[in-house]
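Quick note, the sequences are listed as chains A and B, same order. Start counting the first sequence at 31; every next residue gets the next number (my numbering). Start counting the second sequence at 177; every next residue gets the next number (my numbering).
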Amino acid sequence: MSELLQFIISGVTVGAIYAAIALGFTLIYNATGVVNFAQGEFVVIGGMTAAALIGAGVPVPLAALLAVLAGTLAGVLLYRLAIKPARQAPLVSLIIITIGASIFIRGAMQTLFDKQIHRYDGFSGDAPLRFGGATILPQSLWIIAGSVAVFGFLAWFLNRTRAGRGIRATASNRLAAALVGINTGRAMNLSFAISAGIGALAGVLATPVTFTSYDAGVLMALKGFSATMLGGVGSPLGALAGGLLIGLIEATTAGYVSSDYKDAAAFVVILAVLFVRPQGLFGAKITERV
Amino acid sequence: MAGRSIGPGLRTFLIFAALVVIGAALFPSSYFYRVGTLVWINTLSVTGIVVLLGYVGLVSLGHAGFFAIGAYATAILPQYGLPSGVAMLAGIGGAALLALLVGRPILRLSGYYLAIATLGLGMLIWMVLSKEAWLTGGPDGMAVEGMSARNLFKLVGLSLKSAEAWYWVAGGCASLGAALAVNLGHSPWGRALRAIHDSDVAARSLGIDVARAKSAAFVISAVYAAVAGALLALANGYITPDTGGFMHSVEMVTMAVLGGASSVFGALVGALILTALPQVLTVLADYEHMVLGAIMVLTMIAMRRGLVPALAGLWARRRP
């Protein structure tokens with residue numbers, strides 16, 4: 031029983047990371063219709079930048095802030111330099127652009143930093159806390175709290191602020207939003223900035239537990255995709271639920287089947303969702319605009 | 177107008193074959209033959225991407241997985257007593273079957289689902305190849321015993337060095353593959369694919385079974401990758417799991433995008449540039465990811481149809 035509890039704890043921890051990635055992915059997809067394959071790279075930018083700064087003796091809160099800013103900047107640059115110039119391009123070109131951007135960022139991480147695997151100490155130490163027969167790392171609590179905060183922030187921002195409503199209007203109908211005076215370009219730019227910031231924050235929080243390296247982004251993106259598709263593409267609540275579920279499936283796979291193949295769990299989930307319920311748990315039925 | 181009297185497939189074959197011969201005439205050493213072999217093998221696998229990306233407009237991020245299935249079947253099965261040729265065919269058949277099983281349900285949905293699902297599929301195949309060391313040698317890879325291209329040429333009385341022999345085999349396969357792809361493109365079925373590329377819905381309303389056509393294109397492109405993989409395994413005599421890695425899938429797509437995914441000549445130009453360039457500019461090795469990524473982004477923004485169609489367009493405009 032305590033074994034299962036242990037798997038649930040580690041599942042929720044990684045699940046919270048995937049949920050944050052999936053939320054960022056959903057935000058960009060809703061606002062711009064772009065399926066951003068570079069989403070995992072923001073996580074790497076956050077983790078690698080924080081690792082380098084903390085390694086250089088910068089205080090942790092400042093390093094974390096700078097790392098999130100670095101991720102946000104990357105998101106803005108991605109939109110300005112790669113997505114915006116190709117706005118009218120067909121779906122397949124946009125897919126190739128975001129893949130190209132993700133490979134470029136991967137190379138930039140390798141050149142700027144190195145090819146090593148990095149981690150730093152948990153924010154509240156690495157001594158595990160006892161919890162009903164199982165143990166939990168203090169950093170896990172940071173990660174879970176971070177994801178809850180991100181979800182709360184998005185709910186507040188998208189529903190209560192002018193800029194957030196602008197993003198929702200742009201998502202719902204870009205032309206109509208532009209006609210009523212919403213700056214849709216700025217809304218899309220903002221969605222990339224926030225989404226990248228969320229990804230970088232996930233990287234900063236997760237690195238003490240999951241470690242990071244220049245090439246970790248693809249796997250992170252894949253997990254984020256699985257979470258998004260399981261929850262239902264376009265649904266923020268689905269992203270949260272999907273992330274947690276993928277984390278739990280992965281942790282129980284690692285525990286009961288084989289830790290070699292825990293990363294395969296995400297892929298099996300993708301296939302199962304596509305076979306059985308393509309719209310995911312919380313998604314609307316898929317219809318394509320003609 | 178002489179070109180009109182022979183079919184487009186045969187014309188493509190003759191042009192490719194002429195390029196194979198010209199290459200051989202210029203090469204001063206075995207090293208060049210080895211790089212040339214690699215160019216033709218890459219051209220062959222990228223031709224599969226042309227069918228999928230150029231004809232139908234679908235992106236696969238896991239084609240290296242099919243490539244690796246072809247390569248590893250050719251490496252592993254002979255150890256259990258199967259002849260090389262049969263092992264190759266088994267690998268190609270296996271890749272086709274997997275593409276069929278995975279592709280069918282996914283291809284009913286919008287285009288990006290295939291990109292995501294193939295990304296996962298490719299990583300799964302890579303994972304199996306790296307972790308099942310008892311079968312595949314693990315991350316260090318494995319040696320490939322079997323068919324020698326030299327012996328093929330000895331049958332007809334030619335004595336070639338191994339590197340030269342593989343160059344001719346790879347060049348021949350790439351020429352044949354290109355000709356088949358061109359003929360496919362000109363067949364009614366190929367026109368159906370192009371109609372799907374322009375609009376799923378319009379194609380469906382014309383009575384085209386869109387899911388079935390997409391699935392067939394996906395299987396065909398997987399077969400191209402698997403054949404190329406089998407050839408590489410035999411020509412190199414050694415393979416590693418990286419042949420099935422994510423970066424190899426990305427390389428294939430980049431080659432197609434750079435050269436121009438709409439034609440087999442784009443596949444050749446893309447494969448030639450991205451295979452030969454790292455040999456010439458060794459500094460590129462350090463910046464490989466950044467260069468590949470930048471090429472993908474810049475081509476899509478500035479020259480969406482790729483080098484070959486862009487140059488062809490310039491050439492057509494220059495003539496009165």
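Just so it is clear, CB atoms sit at the ideal spot from N, CA and C, and this is done for glycine as well. None of these values were measured; they are calculated from a predicted model.
Are any of the Cβ atoms in chain B nearer than 8 Å to that of V320(A)?
For V320(A), the predicted structure reports a pLDDT of 45, less than 50, and the residue's modelled location is therefore unreliable. The matter cannot be settled from this model.
Taking C-beta pairs closer than 8 Å, name the residues in chain A that G434(B) reaches, listed in chain order.
Checking the displayed sequence, the identity of residue 434(B) turns out to be Leu instead of Gly. The premise fails here: L434(B) is roughly 11 Å from chain A at the closest Cβ pair, so nothing lies under 8 Å.
What's the gap between the Cα of A398(B) and the Cα of T250(B)?
16 Å
Let me make sure I understand the geometry here. Which of A86(A), A104(A), N60(A) and V88(A) has the alpha-carbon closest to that of V74(A)?
A104(A)
Contact set between Q140(A) and chain B, taken where Cβ atoms lie within less than 8 Å
H465
Flag M291(A) as yes if its beta-carbon sits less than 8 Å from any beta-carbon of chain B, otherwise no.
Position check: residue 291(A) holds Tyr in this sequence, whereas Met was assumed. Yes, Y291(A) counts as interfacial toward chain B.
At least three beta-carbon pairs within less than 8 Å, the segment 251-260 of chain B to the segment 218-226 of chain A:
No: the two stretches stay apart, fewer than three of their Cβ pairs being nearer than 8 Å.
Interface residues of chain B around G262(A) at Cβ under 9 Å?
Result: empty, since nearest Cβ-Cβ is about 13 Å, beyond 9 Å.
Answer with yes or no whether the minimum CB distance from R367(B) to chain A is below 8 Å.
no
Which chain B residues sit within Cβ distance under 7 Å of V65(A)?
Y288
Host alpha helix (DSSP H) of A339(B) (start-end):
S338 to H362
Counting only beta-carbon atoms, is A269(A) nearer than 8 Å to chain B?
no
Within chain B, the residues that S123(A) reaches when beta carbons sit closer than 7 Å
M476 and R480
Kindly list the residues whose CB is nearer than 8 Å to the CB of G267(B), restricted to its own chain and excluding five residues on each side of it in sequence; keep chain order.
I245, G246, A247, Y248, A249, T250, L253, A402, G405 and A406, listed in sequence order.
Over what stretch of residues does the alpha helix (DSSP H) that includes R160(A) continue unbroken?
Counting along the chain, R160(A) falls outside any alpha helix (DSSP H), though it belongs to the beta strand (DSSP E) covering L159 to F161.
Chain-ordered neighbours of G137(A) on chain B, where CB pairs are closer than 8 Å:
Y463, E464, H465, M466, V467, L468 and G469
Please state if the CB of A201(A) and the CB of A52(A) are separated by a distance shorter than 8 Å.
no
L274(B) versus G241(B), A263(B) and V304(B), residue with shortest Cα-Cα distance
G241(B)
Quick one: Cα of V304(B) to Cα of M250(A), how far?
Straight-line Cα distance between these residues: approximately 19 Å.
When the distance is taken between beta carbons, is V440(B) closer than 8 Å to A357(B)?
yes
My output table needs one value for M264(B): the three-state DSSP class, helix, strand or coil.
helix
Do G420(B) and F243(B) count as a contact pair if the criterion is CB distance below 8 Å?
yes
To the nearest angstrom, how far is it from the Cα of A82(A) to the Cα of W172(A)?
20 Å
Near G413(B), what residues of its chain come up, given a Cβ to Cβ distance below 6 Å and the 5 sequence neighbours on each side ignored?
V320
Considering only DSSP beta bridges, list what A371(B) is partnered with.
In the DSSP assignment, A371(B) is bridged to no other residue.
For I129(A) and chain B, any beta-carbon pair shorter than 8 Å?
yes
Keeping to the same chain, check which residues put their C-beta closer than 7 Å to that of L283(B); ignore five residues upstream and five downstream.
L290, A387, K390, S391 and F394
Taking a cut of 7 Å between CB atoms, which residues from the segment 305-323 of chain B lie near chain A?
K307
Do we get a CB-CB distance below 8 Å when we pair V73(A) with the residues of chain B?
No - not a single Cβ of chain B is within 8 Å of the one on V73(A).
Starting from T165(A) and walking both ways along the beta strand (DSSP E), at which residues does that stretch end?
A164 to I166
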